[in-house]
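Asks: Mind having a look at this structure? Questions to follow.
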Amino acid sequence: MIVMILPSIRNGFMCSVKMLIRRRLYLQPELKINKHLGLGERSPSPIYSCQGVLLFANKYYWPRTTYYVLNPITQEEVIVQHTHHPGRLCAFYFCRGFKLFYAQVRRSWCQYLVYIFKTQTWRKVRSSCTFNFLPYRGSPAIVNGALHWIVYTYLKKDLPNCANGIMVFRMDKEELSAMPHPGRVCKAKQVHETMRLLVKENCLSFCHLLVSELAVYIWILEDYEMWAWNKRYKVNICNTRFFPLGLPYGGVPRNVYWWIKFFYIQDGELVFYYMDSVFSYNLDHKTVKGFKLPQMLFALGTYIKSLVAIA
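Using the UniProt record's numbering, the letters of the sequence shown map in sequence onto residues 1 to 311.
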């Protein structure tokens, strides 16, 4: 299901969930998050979703020092505040309880921290190797009890080290490592911005948007222990019969990767968002379903209802 956060006349914001069925989840007016909604660019938006719990933060106003975590079904709300900035919240995940994974940036290196909701405490992650990578934006792909991200290269001026192109964090042991991403060695730092990790049938999948071809290549990690990848699919997004990816004045933007967001692969279908539409592409049958969104959205993400407690 796709979560769309829309303005509401009552109760601050409402969560409208739409795929084949549209539902609305209202936030009770006494929740503290409502005091900070409707403030334009300073208004918090949903950043992560985990097991039916949403994490709100401000997307544009820095530093982000306050996170609003709530379950729209039970209306439970937890507020997390910190002073570990500058930095980036990299993950909201569940491993024997809800946790946050945060990368504090210190010039040319990072200090990694985990927040435990049960104890309301932060602790440093101690890795066996020197690790100075920053994950790229977006939720991590969770496979084999580990979080996986494409490595962000902002901290380094040279070309990205593709041998360390995927950052891995084992949730149980809290260990960090890095692995190579499949495909060619990148010739520019911006290439990592066209990559995304997803999960297909419990296997890690690597989606690479080649702007020169306007095609998405999907690799499947068939053997996790051997780190053996297989290039399985090619999605031709310039096929206008399926994907109207042009702009109103014609053509396709060079930074098309900024306008496309890959959500997940489920039942053999790649679900992604482009500008004002959501598409579901069947990888085997090469068929497409899609719908236009009702209005411009503040945020878009995945969501599943649950009654799980946050703390």
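Glycine included, each C-beta is placed from N, C-alpha and C at the ideal position. Every value quoted in this text rests on a predicted model; they were computed, and no experiment measured them.
DSSP on T302, reduced to helix/strand/coil?
Replies: Correct three-state label for T302: strand.
Asks: Determine the direct distance from the alpha carbon of P44 to that of Y93, and round the result to whole angstroms.
Replies: So the two alpha carbons sit approximately 19 Å from each other.
Asks: When you compare each of A178, Y68, R184 and I218 to N132 by their alpha carbons, which one comes out closest?
Replies: Nearest C-alpha to N132: A178.
Asks: Within 10 angstroms of the Cβ of G301, are there 16 or more other Cβ atoms? Answer buried if so, exposed if not.
Replies: G301 comes out buried.
Asks: Could you check how far apart the C-beta atoms of M167 and V151 are, in whole angstroms? I think they sit under 8 Å.
Replies: 5 Å between Cβ atoms; contact.
Asks: Work out the CA separation of L283 and Q81 for me, nearest whole Å.
Replies: Cα to Cα, the separation comes out at about 42 Å.
Asks: So, with DSSP's three-state summary, where would you put L293?
Replies: L293 falls in the coil class under three-state DSSP.
Asks: As a quick exercise: from S139, R184, F291 and L204, pick the residue whose alpha carbon is nearest that of P46.
Replies: If we check each option's Cα against that of P46, S139 comes out closest.
Asks: Could you check what DSSP says for K187 in three-state terms: helix, strand or coil?
Replies: Coil.
Asks: Going by beta carbon distance, what residues of the same chain come within less than 6 Å of P248, once the five residues before and after it are set aside?
Replies: Confidence at P248 is low in this model, with a pLDDT of 42, below 50, so the placement of that residue is unreliable and no value is reported for it.
Asks: Please give me, in chain order, every unbroken run of the beta strand (DSSP E) with length at least 3 that falls completely inside the segment 45-71.
Replies: The segment 45-71 contains these whole beta strand (DSSP E) runs: 45-50, 53-57 and 66-70.
Asks: Determine, using beta carbons only, whether K118 and G145 come nearer to each other than 8 Å.
Replies: No; because the gap between Cβ atoms is not below 8 Å, this pair is not in contact.
Asks: Considering Cα atoms alone, identify which of N236, Y136 and E175 is closest to G165.
Replies: G165 has its Cα closest to that of Y136, out of N236, Y136 and E175.
Asks: Please return the same chain residues whose Cβ sits closer than 8 Å to the Cβ of T65, not counting the five positions on each side in sequence.
Replies: Correct list, in chain order: Q81, H82, T83 and H85.
Asks: Could you tell me the alpha carbon to alpha carbon distance between S108 and W219, rounded to whole angstroms?
Replies: Approximately 31 Å, taken between the alpha carbons.
Asks: Whole angstroms are fine: how far does the CA of C95 sit from the CA of D172?
Replies: Computed Cα separation, rounded: 7 Å.
Asks: Tell me K200's beta-bridge partners as DSSP assigns them.
Replies: Paired residues: C203.
Asks: When DSSP builds the beta bridges, which residues end up paired with R88?
Replies: DSSP, once it has assigned bridges, lists A103 as partnering R88.
Asks: Excluding sequence positions up to five away, which residues of its chain have a Cβ less than 6 Å from the Cβ of M195?
Replies: Around M195: I150 and H208.
Asks: Straight-line CA distance for I142 to Y68?
Replies: Straight-line Cα distance between these residues: approximately 23 Å.
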